[in-house]
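The block underneath contains the structure these notes are about, expressed in structure tokens.
In structure tokens, the structure reads:
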């Protein structure tokens, strides 16, 4: 598990746009990695829309945004197109990044327990060092808090 202040290990995973994304893809830029449970669900859609709506401000803060879930690239492509996301989504089907950032948690829906992604966001600096994390994220106001932290990183 990566802790704040530590460099994030390299990764290389399939993403939207028919490409693989690695940590090196973002060298010299801050990076927001936001983990969410599932495409096309209300909270995940709202969170993605909030990142979309603030995308230009993140660009101005030299910060890239990447969403991560266990959904397939095909499902991600449809989600991106439907929501007009100007950023990529990584398919982490084998939970490589989820494990690295320790976001898989036991969840409970209608009395049924299962393992799923806990909504979490991580801010890395241009050298790939984890600078801030938000766990158990509540969507309202979250993107604004992440943007403020990205601006402070410079």
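Numbering (the numbering used here), first residue to last: 183 to 336. For glycine and all other residues, C-beta sits at the position ideal for the given N, C-alpha and C. Computed from a predicted structure; not experimentally measured.
query, result
"Any heavy atom of the ligand ADP closer than 7 angstroms to the beta-carbon of residue 261?", "In the structure on display, the ligand ADP does not appear, and there are no ligands present to speak of."
"Within this structure, are the beta carbons of residue 315 and residue 304 separated by less than 8 angstroms?", "yes"
"Since residue 302 contacts residue 283 with CB under 8 angstroms, what's their CB separation in whole angstroms?", "7 angstroms"
"Identify which residue in 251, 256 and 264 has its Cα closest to the Cα of residue 297.", "251"
"Does DSSP put residue 318 in a helix, a strand or coil?", "coil"
"Please report the distance separating the alpha-carbon of residue 263 from that of residue 224.", "16 angstroms"
"Please state the DSSP three-state secondary structure of residue 275.", "coil"
"Excluding the five sequence neighbours on either side, which residues of its own chain have a C-beta within less than 8 angstroms of the C-beta of residue 188, listed in chain order?", "311 and 312"
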